[in-house]
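**Student:**
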Amino acid sequence: MNKKYFLTLTALVLASCSDNSTFTEKESPNLAYKDYKGHEKSIIGVGKTISARKSEANSTISFKSKYSLDKAIVKFANRYDLSVEWDEEVNRFQEQRLTANRQTFNEARAYLEDVYDVSIIRKRGRAIQVMIPATVNKLESFNPGPNVRLSDAVNGLAGLCGINLVIADYKQVLATEKITTNLKDISCNQAFEAILDPFGLSLKQRGSHYTIAGLPYKEWNLNLHEQKREETQKVNYSSEFSGGSGEDDSGAGLSGGSSTTTSSYSRDLWKSLEGDLKELLSQSCKSSKGMGYNSTEEVSQTVDPMGVTESGGVTVTAGSAPAEESCGYVRVNPDVGVVQMQANRRVIEKADDLITTLEDIASRRLLVEARILAVAKERTFDRGSDINIAGNLGSTDFSLGYQPATILKEGASVAGTLNDLLTTSGGGMGFKAGDLDAVVRYVQSFGTTYQLMKPTLEVMDRQKSTLIDGRNERYFIRSASVDSSGENPVVTTEAEERYQFSGIQFSVSAQIAEDDSDLHTVALQIPITEISKTVILENRAGEDKLGNPVFIKDEIPVATTRVIDQKVRVRDGEIKVIGGLTKTIAVDKETGVPLLQDVPVAGNAFSEESVTYEDVEFVVLLQVKRLD
Numbered sequence: 049m050n051k052k053y054f055l056t057l058t059a060l061v062l063a064s065c066s067d068n069s070t071f072t073e074k075e076s077p078n079l080a081y082k083d084y085k086g087h088e089k090s091i092i093g094v095g096k097t098i099s100a101r102k103s104e105a106n107s108t109i110s111f112k113s114k115y116s117l118d119k120a121i122v123k124f125a126n127r128y129d130l131s132v133e134w135d136e137e138v139n140r141f142q143e144q145r146l147t148a149n150r151q152t153f154n155e156a157r158a159y160l161e162d163v164y165d166v167s168i169i170r171k172r173g174r175a176i177q178v179m180i181p182a183t184v185n186k187l188e189s190f191n192p193g194p195n196v197r198l199s200d201a202v203n204g205l206a207g208l209c210g211i212n213l214v215i216a217d218y219k220q221v222l223a224t225e226k227i228t229t230n231l232k233d234i235s236c237n238q239a240f241e242a243i244l245d246p247f248g249l250s251l252k253q254r255g256s257h258y259t260i261a262g263l264p265y266k267e268w269n270l271n272l273h274e275q276k277r278e279e280t281q282k283v284n285y286s287s288e289f290s291g292g293s294g295e296d297d298s299g300a301g302l303s304g305g306s307s308t309t310t311s312s313y314s315r316d317l318w319k320s321l322e323g324d325l326k327e328l329l330s331q332s333c334k335s336s337k338g339m340g341y342n343s344t345e346e347v348s349q350t351v352d353p354m355g356v357t358e359s360g361g362v363t364v365t366a367g368s369a370p371a372e373e374s375c376g377y378v379r380v381n382p383d384v385g386v387v388q389m390q391a392n393r394r395v396i397e398k399a400d401d402l403i404t405t406l407e408d409i410a411s412r413r414l415l416v417e418a419r420i421l422a423v424a425k426e427r428t429f430d431r432g433s434d435i436n437i438a439g440n441l442g443s444t445d446f447s448l449g450y451q452p453a454t455i456l457k458e459g460a461s462v463a464g465t466l467n468d469l470l471t472t473s474g475g476g477m478g479f480k481a482g483d484l485d486a487v488v489r490y491v492q493s494f495g496t497t498y499q500l501m502k503p504t505l506e507v508m509d510r511q512k513s514t515l516i517d518g519r520n521e522r523y524f525i526r527s528a529s530v531d532s533s534g535e536n537p538v539v540t541t542e543a544e545e546r547y548q549f550s551g552i553q554f555s556v557s558a559q560i561a562e563d564d565s566d567l568h569t570v571a572l573q574i575p576i577t578e579i580s581k582t583v584i585l586e587n588r589a590g591e592d593k594l595g596n597p598v599f600i601k602d603e604i605p606v607a608t609t610r611v612i613d614q615k616v617r618v619r620d621g622e623i624k625v626i627g628g629l630t631k632t633i634a635v636d637k638e639t640g641v642p643l644l645q646d647v648p649v650a651g652n653a654f655s656e657e658s659v660t661y662e663d664v665e666f667v668v669l670l671q672v673k674r675l676d
C-alpha cells in the first residue's frame with residue numbers, strides 16, 4: 049500500500065477514536081461578541097466543523113446604498129446577532145451614502161463610526177451602544193440675547209461650531225421669526241435642533257457644507273400583507289318553518305325554540321397605524337403650542353410690545369406659518385406597505401419604535417394543530433379498567449400512576465378524564481413529548497373513536513383562520529295558488545331554493561406571546577352541525593271545485609348545531625382538551641341462528657334483538673407551537 053495513503057488512513061482512525069481532538073482558533077477582533085466555545089471537534093483531512101453562530105461572527109458585511117444611521121446599525125446588528133441601545137443625543141435618522149464591500153466586524157464598525165461621527169461601544173455581552181463620541185466639542189454656552197432674529201441665531205451658531213452654512217431655502221422664515229434662547233453644555237447638532245425644530249426646520253449636511261431644510265423625513269417599508277377584513281358570523285338555532293302568506297293562502301308550519309349567536313370581527317391595521325401616527329404628531333403639535341410655538345394670530349394676543357413672553361421662553365412673532373404646516377405630515381399607502389412621515393426627530397423616533405413593534409407583533413406566527421374527535425361509549429363502559437398501564441405510544445413515553453381511590457367513575461366525561469390525565473398535579477399520565485396522535489390512540493381505549501377533523505393551520509397574530517368541512521343540503525319550500533274558475537283547476541307553484549349546511553367549521557385566532565415560554569391566548573369557535581331528521585311542511589294552496597283543500601307537501605331537513613366557543617391560554621407544546629358536548633344514539637343489535645332466523649314468523653324463535661344506547665362525546669385536542 050502506498051505509504052502516503054497508509055499515513056492518511058492511520059490519522060483518520062486515530063481521529064475517530066479520540067473524544068478530545070480539538071483545535072484552537074486564533075483570536076478574532078470580534079471575539080468579545082461571540083457566545084460559542086473556542087474549542088470544537090475537527091476531522092483531519094476534511095476541515096473543521098463550525099457552528100452557524102460562529103460562522104455569522106466570522107462573516108463580513110457590505111453596504112452599497114444610501115442608509116440612515118438607524119438602518120445601517122440595524123443591518124450591522126442583525127448580521128452579528130447583537131442588540132442595540134441608543135444614546136438620546138444621537139440623530140438616528142441622518143443619512144449618508146455608504147460604499148463598503150465585505151468588511152469584517154471591526155472594519156465595518158470603524159467605517160460606520162467615521163461616516164456618521166458616532167461611537168459604537170460594547171455595552172454588555174452581545175449588546176452595543178451607539179453614542180456621541182467623546183471627542184465631539186460641546187458649547188459651553190449659547191445666549192444670543194432676547195428676541196433675536198432666527199437667521200442671526202443660526203449664523204452665530206454656525207460660526208461658533210465652525211461649519212460651512214449655505215442658506216438657499218426658507219429665507220422668509222429665517223428673516224422674520226424671532227427667538228430667545230439660553231443653551232449650556234450642548235453639542236452643535238443639539239443646539240441647531242433646539243432652535244430650528246419649533247419652526248419646522250432642520251440642519252441638513254450636503255457634503256462639505258450644511259444647509260437649512262424642512263423637518264426630518266422618514267420612510268418605512270413594512271413587510272406585511274394586511275388587508276381590511278370585516279366578518280360577521282351568525283349561528284342560528286331555529287326549528288321554525290312557515291308556508292306562504294298570500295291572501296288566498298293560510299300559512300301552515302312547524303315552530304320551536306329559536307336562538308341566534310352573532311360574532312363580529314373587524315381588522316384594518318393600516319387605518320389604525322395611520323390614526324396612531326397622526327395622534328402622535330397631533331400631540332407633538334399641542335406640546336409645541338404649549339411651549340409658546342404659536343402662529344401669528346395666536347401670538348398677537350399674548351406677546352407684549354417688546355416681543356418677550358412672561359415665561360421668557362421662545363417667542364414667535366410676525367410671519368409664522370400655521371401650526372399644522374410646521375408640525376409635519378403622515379402618509380400611509382396600504383397597497384404597497386409604505387409609511388412616510390415628516391416631523392421633528394423626537395416624533396420620528398417614537399414613530400419608528402411604534403412601527404417596529406407593530407411589525408414584530410403582526411409578523412408573529414403560531415402553528416395550531418387540533419384533533420376533533422367523536423368518542424362513542426357504551427353506558428356500561430369501564431373507563432378505569434386499563435388505567436394502570438405504562439409504555440410507549442409512537443414517539444411519546446407515558447406512565448400512569450392513579451391510586452385505586454382515583455379510578456374514574458361512571459358518568460365522567462372524556463374531556464374531564466383527559467384533563468386530569470394530562471396535568472401534572474395529583475399524578476396521572478404525564479406525556480414527556482407533545483404528541484397529539486399518541487393522545488388520540490389513548491382516547492381510542494375509551495370506545496369507538498372517529499376523527500372528524502385534523503386541522504393544521506399557521507395563524508398570524510390576531511388574525512382569524514378558518515377551515516370548513518361539510519356540504520350544503522339543498523331543499524325547496526313551495527308556495528302555490530289554485531285557480532278553480534275554469535273547467536279544470538289550475539295550480540300555480542313557486543319554489544324557493546334553500547340550503548342547509550351540514551359539517552364542521554374550525555375557526556381560530558390567537559394573541560401570540562413574545563417568547564415561546566410564555567402563554568399564548570387562543571380563541572376557538574367550532575360549530576358542529578348535522579341533519580338530525582326531516583319534517584313534512586304542508587302549505588295550503590287553496591281549494592278545488594268541490595271545496596276540498598289542496599296542500600303542497602315539502603320535505604324539510606332539521607339541523608342540530610353544537611358550538612364550542614372558548615378562549616384558552618396555552619404554552620408551546622402543551623396539549624389542551626376542550627369538550628363536554630354529548631349526544632345519545634341507539635344501536636340495534638340482532639343475533640341468531642344462520643338461515644333459521646330468516647324464516648318468516650317462525651324465525652323470531654331463532655333470533656334475538658337488542659338496543660344499546662351509546663353516549664357520543666365531542667372532544668377537541670389542541671396544541672400550538674411558536675414559529676420563528
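Going left to right, the sequence shown walks through residues 49 to 676 as my numbering numbers them.
Beta carbons are placed, not taken as given, at the ideal position from N, Cα and C, and that holds for glycine.
When DSSP builds the beta bridges, which residues end up paired with Leu572?
**Tutor:** The partner list for Leu572 (beta bridge, DSSP) reads Val556 and Gln614.
**Student:** With H, G and I counted as helix, E and B as strand and the rest as coil, what does DSSP make of Phe141?
**Tutor:** Correct three-state label for Phe141: coil.
**Student:** Would you report the Cα separation of Glu216 and Gly376, rounded to the nearest angstrom?
**Tutor:** Per the sequence presented here, residue 216 reads as Ala, with Glu not at that position. In a straight line, the C-alpha of Ala216 is about 21 Å away from that of Gly376.
**Student:** Is it buried or exposed for Pro452, if we count other Cβ within 10 angstroms and need 16 for buried?
**Tutor:** In this prediction, Pro452 has a pLDDT of 33, which is less than 50 and means its spatial position is unreliable; nothing more can be read from the coordinates.
**Student:** Could you pull out every residue in the same chain whose Cβ sits closer than 8 Å to the Cβ of Leu567, ignoring the five residues on either side in sequence?
**Tutor:** The residues are Ala561, Arg617, Val618 and Arg619.
**Student:** Are the CB atoms of Asp613 and Ser532 within a distance shorter than 8 Å?
**Tutor:** Against a cut-off of 8 Å, the Cβ pair of Asp613 and Ser532 comes out as no contact.
**Student:** Between which two residues does the beta strand (DSSP E) harbouring Lys232 extend?
**Tutor:** Segment Lys226 to Ser235, the beta strand (DSSP E) holding Lys232.
**Student:** On the CB-based measure, 16 or more other CB atoms within 10 Å of its CB, does Arg674 come out buried or exposed?
**Tutor:** The residue in question, Arg674, is buried, as its Cβ has 16 or more Cβ neighbours within 10 Å.
**Student:** So the alpha helix (DSSP H) Ala528 belongs to, where does it begin and stop?
**Tutor:** Premise fails: Ala528 lies in the beta strand (DSSP E), Ser513 to Asp531, not in any alpha helix (DSSP H).
**Student:** Report the CB separation of Val491 from Val423 in whole angstroms; it is logged as a contact under 8 Å.
**Tutor:** About 6 Å; that satisfies the 8 Å criterion.
**Student:** CB-CB under 6 Å to Ser702, same chain, minus the five flanking residues each way: which ones, in chain order?
**Tutor:** The requested residue 702 does not occur in the structure, where the chain is confined to residues 49 to 676.
**Student:** Could you tell me how far apart the beta carbons of Gly551 and Asp517 are, in whole angstroms, since I believe they sit closer than 8 Å?
**Tutor:** About 5 Å; that satisfies the 8 Å criterion.
**Student:** For Ala589 and Val530, which I take to be in contact (beta-carbon distance under 8 Å), what is that distance rounded to the nearest angstrom?
**Tutor:** Rounded, the Cβ-Cβ distance is 5 Å, consistent with contact.
**Student:** Please state if the CB of Val202 and the CB of Leu187 are separated by a distance shorter than 8 Å.
**Tutor:** The answer is no: Cβ separation not under 8 Å.
**Student:** Looking at the C-beta of Ile234, does it have a partner C-beta in chain E at a distance below 8 Å?
**Tutor:** Note that chain E does not occur in the displayed structure, where there is just one protein chain.
**Student:** Taking the continuous beta strand (DSSP E) assigned at Thr405, which residues delimit it?
**Tutor:** No beta strand (DSSP E) holds Thr405; the alpha helix (DSSP H) holding it covers Arg393 to Ala410.
**Student:** Round the Cβ separation of Leu117 and Val196 to the nearest angstrom and send it over; I've been treating them as touching at under 8 Å.
**Tutor:** Actually they do not touch by this definition, with Cβ atoms about 31 Å apart.
**Student:** Would the beta-carbon of Leu328 fall within 8 Å of that of Ala410?
**Tutor:** Against a cut-off of 8 Å, the Cβ pair of Ala410 and Leu328 comes out as no contact.
**Student:** Closer than 8 Å by C-beta to Gln142: which residues in its own chain qualify, once you throw out the five before and the five after it? Chain order, please.
**Tutor:** Ser116, Leu117, Tyr164 and Gln253.
**Student:** Can you check which of these residues, Glu407, Pro503 and Thr632, is closest to Leu669 by C-alpha distance?
**Tutor:** Comparing Cα-Cα distances from Leu669 to each of Glu407, Pro503 and Thr632, the minimum goes to Pro503.
**Student:** With three or more beta-carbon pairs closer than 8 Å as the criterion, would you say the stretch 258 to 268 touches the stretch 378 to 397?
**Tutor:** The stretch 258 to 268 is in contact with the stretch 378 to 397.
**Student:** Look at the alpha carbon of Ala543 and the alpha carbon of Arg522, and state the distance between them as a whole number of angstroms.
**Tutor:** Near 12 Å, if we compare the C-alpha coordinates of Arg522 and Ala543.
**Student:** Taking 7 Å as the cut-off, is the CB of Phe247 close to at least one heavy atom of the ligand NAD?
**Tutor:** The ligand NAD is not part of the structure shown, which contains no ligands of any sort.
**Student:** What are the uninterrupted segments assigned as beta strand (DSSP E) that are 3 or more residues long and contained completely in the stretch 175 to 244, given in chain order?
**Tutor:** Runs of the beta strand (DSSP E) inside the stretch 175 to 244: 175 to 179, 186 to 197 and 226 to 235.
**Student:** Report the partner residues of Asn587 according to the DSSP bridge assignment.
**Tutor:** Asn587 pairs with Ile600.
**Student:** What residues are listed by DSSP as bridge partners for His257?
**Tutor:** Looking at the DSSP assignment, His257 forms a beta bridge with Arg254.
**Student:** So for Leu317, helix, strand or coil by DSSP?
**Tutor:** Looking at Leu317 - three-state DSSP - the assignment turns out to be helix.
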